[in-house]
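Below you'll find the structure, written out as structure tokens, and then a few comments.
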Amino acid sequence: MASIGTTPLEDRVWLVTGANSGIGKATALDLARLGGSVVLACRHAEKGQAAARDIVQASGNPHVALMIVDLSSRASIVSFAEEFNQDYRRLDALVNNAGVYTRERMTTPDGLELQFAVNHLGGFLLAHLLLDPLIASAPSRIVNVTSSAHKIASIHFDDLQGGRKYRGYTAYGQSKLAQVLFTVEFARRLAGTGVTVNACHPGLVKTNLGLEGTPKVFRFVRMFFKSPAKGAETPVYLVTSPKVATLTGQYFVNRAVSPVSRKAQDPDLARRLYDVSVHLAGLSTK
Ligand SMILES: NC(=O)c1ccc[n+]([C@@H]2O[C@H](COP(=O)([O-])OP(=O)(O)OC[C@H]3O[C@@H](n4cnc5c(N)ncnc54)[C@H](OP(=O)(O)O)[C@@H]3O)[C@@H](O)[C@H]2O)c1
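In this note's numbering, the protein residues as written are 7 to 292.
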């Protein structure tokens, strides 16, 4: 039987957030085709069920499960993780893919700016709450789907939630830079556990992202973007390739390590954001 490590493929468990559309759905489909168990973490039951049906049909793999989580809500993430940890003994890879772009400032039930909460903090909290099965399944992997938008971004510690000044793209870039900084810092903290953490930019992909409230010209330009299947290539590579089995704390584009912005290389910034994120996510620092 084929394997990509010591554990046979059919025994592996992969979890993909935002798996009902776009890059997440294409990633989940590729993983299902390999034959392990794939958990789709989605916020809408109907959309999630439809995606699960499509993936089972297209892959021929019946081991595709749907679990509901709203990554904008701490309570939802905590109860999702409790349920996952009860139902599954292992987790070979967590793909933090779910993301949003909002032109106008929106807030979560916890009072946080939506893009920061979903794109960064949701995956941050989920990764911490799923550490036990990840460590138990080591070697295992965390993949953060970020964006090249991190390159023109800063972390605005004095106005992290954009309450004083908000621009959609600035907040999106900040959340994507936060994911890269989290990748670097978490990889450092997980050294020796056998859990790797990497980030990637999937390229410009024709998905639902940014469709709401964007100018018509975006809809036109979007026609030339790559397909979700192509966009899934780098996340799937980071989950499965033996070539990256021991690489950690890196940022990938087109299945290759790629340079990050200068801010994303600042270890003090990474540590400071990590501490702020622990606080905002309500994680105990024991
Ligand atoms: N498309 C691109 O060109 C591009 C470029 C760079 C990076 N990315 C990144 O790629 C990732 C995937 O995006 P995509 O392009 O595939 O867009 P997409 O088709 O809109 O998919 C986003 C997924 O995230 C889910 N999601 C949003 N808010 C959520 C929440 N509160 N809780 C749980 N799930 C939530 C969505 O669920 P619903 O369907 O229910 O909304 C959807 O399944 C994002 O992190 C994005 O920033 C995309």
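Virtual Cβ for every residue (Gly too), placed ideally from N, Cα, C.
State the start and end residues of the unbroken alpha helix (DSSP H) segment that holds residue i.
i: Ile61; result: 51-65
i: Leu46; result: Premise fails: Leu46 lies in the beta strand (DSSP E), 43-48, not in any alpha helix (DSSP H).
i: Asn125; result: Asn125 -> no alpha helix (DSSP H), and no H or E assigned at all.
i: Ala251; result: Premise fails: Ala251 is in no alpha helix (DSSP H) and is neither H nor E.
i: Ala32; result: 28-40
i: Pro273; result: 273-287
At what residues does the beta strand (DSSP E) containing residue i begin and finish?
i: Leu100; result: 99-102
i: Val149; result: 146-151
i: Tyr257; result: 257-259
i: Val201; result: 201-207
Does residue i come out as helix, strand or coil in the three-state DSSP assignment?
i: Gly231; result: Correcting the residue identity first, residue 231 is Phe in this sequence and not Gly. Phe231 falls in the coil class under three-state DSSP.
i: Thr5; result: The structure shown does not extend to residue 5, since the chain is modelled only from 7 to 292, so the question has no answer here.
i: Glu218; result: coil
i: Thr23; result: strand
i: Ile74; result: strand
i: Glu16; result: helix
i: Glu110; result: coil
Within a Cβ cutoff of 7 Å, which residues of the same chain sit near residue i, ignoring the five residues on either side of it in sequence?
i: Arg277; result: Glu191
i: Val186; result: Thr152, His156, Ala205, Tyr257, Val266, Ala270
Residues in the same chain with beta-carbon distance under 6 Å from residue i, minus the five sequence neighbours each way, listed in chain order, please.
i: Gly24; result: Gly30, Asn103, Ala104
i: Asn260; result: none
i: Leu140; result: Leu97, Ser146, Val201
i: Tyr172; result: Arg111
i: Val44; result: Trp20, Ala34, Leu37, Ala38, Val70
i: Arg228; result: Lys212
Between residue i and chain C, is there a C-beta pair that is closer than 9 Å?
i: Leu35; result: In the structure shown, chain C cannot be found, because there is only a single protein chain.
Would you mind giving the Cβ-Cβ distance between residue i and residue j, rounded to the nearest angstrom? I have them listed as a contact below 8 Å.
i: Val19; j: Tyr94; result: 6 Å
Below 8 Å, can you find three or more Cβ-Cβ pairs linking the region 156-171 to the region 272-289?
Between the region 156-171 and the region 272-289 there are three or more C-beta pairs closer than 8 Å, enough to call the two in contact.
Does the structure place the region 111-119 close enough to the region 72-83 that three or more beta carbon pairs sit under 8 Å?
The region 72-83 and the region 111-119 touch, with no fewer than 3 CB-CB distances between them shorter than 8 Å.
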